[in-house]
Amino acid sequence: MNKIITKDSTFDAVILAAGDFPQSEPALTLLHTATTLIACDSALKEIVDYNSHSTANRQLRPTAVVGDGDSLPSALKEQYSTLWHHVEEQDYNDLTKATRFAIDNYNSKAIAYIGATGKREDHTIGNIALMMYYMDSLGISPCMITDYGWFVAARGAADFESFDGQQVSVFNGGCRHLSSKGLKWDIYPFTSLWQGTLNEATGNVFSINGDGDYLVYRTFDKKTYAK
1 MNKIITKDST FDAVILAAGD FPQSEPALTL LHTATTLIAC DSALKEIVDY NSHSTANRQL
61 RPTAVVGDGD SLPSALKEQY STLWHHVEEQ DYNDLTKATR FAIDNYNSKA IAYIGATGKR
121 EDHTIGNIAL MMYYMDSLGI SPCMITDYGW FVAARGAADF ESFDGQQVSV FNGGCRHLSS
181 KGLKWDIYPF TSLWQGTLNE ATGNVFSING DGDYLVYRTF DKKTYAK
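Heads up, the sequence shown is in this note's numbering, so the first residue is 1 and it goes up one at a time.
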């Protein structure tokens, strides 16, 4: 069953992108508890800034920094030279380069993405769309965590842990047959992105059945994760 993100959630790797730096407790907890923390290029600047305002026991320590280096100052490349991995090719963005690095070097299968939304809207849309691509083409289980909830890619029949009143959105990735149980409004094979948004869970689990890929977004329980 696809579970709720909690303080006990575990991932093989956590990748920090260079979007808005997270403020929510779930995202920050995952950053601090990650056994493998990979920063995408200029996200290293965000880590350095965060550490400069944090106590010693709240420092973030990246395992690696991956990217083409175009937006990373030379001083930081030198300071973190033992962690810096330059990938020059431009066919893929830094999020994908970091993902491939995690797979190749740490055999990562379950990867959490943080800081992948915010700032440029086109980057946000592209990064969210990559979740289904990573599942299909790279064979991993991707999970994108924001300050408000999280995206997971899925296919076929799947159960999702939830709570009564949880806000849920479903984005069709090509299903010709798509249905649900446990949501306020039954879903169908949406042909536009907006059609699957603003749904709601009616209990502690909901089910989706499709003949292809889809993307599910669920909101955090504000009472549980209030800062």
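Cβ atoms here follow ideal geometry from the backbone N, Cα and C, with glycine treated the same way.
Residue i, DSSP secondary structure in three states
{"i": "residue 227", "result": "Per-residue confidence for residue 227 stands at a pLDDT of 44, beneath the threshold of 50, marking its modelled position as unreliable; no derived number is given."}
{"i": "residue 2", "result": "strand"}
{"i": "residue 146", "result": "coil"}
{"i": "residue 20", "result": "coil"}
{"i": "residue 65", "result": "strand"}
{"i": "residue 37", "result": "strand"}
{"i": "residue 11", "result": "coil"}
{"i": "residue 187", "result": "coil"}
{"i": "residue 113", "result": "strand"}
{"i": "residue 220", "result": "coil"}
{"i": "residue 127", "result": "helix"}
{"i": "residue 93", "result": "coil"}
{"i": "residue 105", "result": "helix"}
Sheet register partners of residue i (DSSP bridge)
{"i": "residue 159", "result": "207"}
{"i": "residue 171", "result": "215"}
{"i": "residue 180", "result": "208"}
{"i": "residue 53", "result": "In the DSSP output, where bridge partners are listed per residue, residue 53 has none listed."}
{"i": "residue 86", "result": "67"}
{"i": "residue 152", "result": "143, 216"}
Close Cβ partners of residue i (< 6 Å) along its chain, the five nearest in sequence each way excluded
{"i": "residue 226", "result": "Reliability of the predicted coordinates at residue 226 is poor, the pLDDT of 44 falling under 50, and the value obtained from them is presented with this limitation in mind. Contacts found: none."}
{"i": "residue 37", "result": "14, 62, 63"}
{"i": "residue 84", "result": "65, 77"}
{"i": "residue 49", "result": "none"}
Same chain only: Cβ atoms within 8 Å of residue i, ignoring 5 sequence neighbours per side
{"i": "residue 90", "result": "68"}
{"i": "residue 128", "result": "116, 117, 144, 151, 215"}
{"i": "residue 95", "result": "15, 17, 40, 113, 116, 127, 130"}
{"i": "residue 31", "result": "14, 16, 22, 37, 60, 114"}
Alpha carbon of residue i to alpha carbon of residue j, nearest angstrom
{"i": "residue 76", "j": "residue 52", "result": "14 Å"}
{"i": "residue 17", "j": "residue 159", "result": "28 Å"}
{"i": "residue 206", "j": "residue 162", "result": "7 Å"}
{"i": "residue 1", "j": "residue 73", "result": "43 Å"}
{"i": "residue 139", "j": "residue 109", "result": "7 Å"}
{"i": "residue 103", "j": "residue 210", "result": "28 Å"}
{"i": "residue 180", "j": "residue 123", "result": "30 Å"}
Neighbour flag for residue i against chain D, beta carbons, 8 Å
{"i": "residue 70", "result": "This model lacks chain D altogether, as it is built from one protein chain only."}
Of the residues the options, the one placed nearest residue i, counting alpha carbons only
{"i": "residue 97", "options": "65, 175, 114, 110", "result": "65"}
{"i": "residue 120", "options": "222, 9, 19", "result": "19"}
{"i": "residue 167", "options": "182, 106, 99, 54", "result": "182"}
{"i": "residue 107", "options": "35, 9, 192, 41", "result": "35"}
{"i": "residue 203", "options": "164, 169, 185", "result": "164"}
{"i": "residue 157", "options": "208, 134, 105, 199", "result": "208"}
{"i": "residue 135", "options": "124, 122, 112, 148", "result": "112"}
{"i": "residue 201", "options": "212, 213, 221, 210", "result": "221"}
{"i": "residue 81", "options": "192, 191, 218, 44", "result": "44"}
{"i": "residue 101", "options": "57, 12, 4", "result": "12"}
Cβ shell of residue i (< 7 Å), same chain only, five flanking positions each side left out
{"i": "residue 189", "result": "172, 175, 176, 177, 178"}
{"i": "residue 87", "result": "66, 67, 68, 97"}
{"i": "residue 33", "result": "none"}
{"i": "residue 21", "result": "46, 50, 115"}
{"i": "residue 197", "result": "169"}
{"i": "residue 99", "result": "15, 111, 134, 138"}
{"i": "residue 185", "result": "199"}
{"i": "residue 147", "result": "22, 23, 24, 27"}
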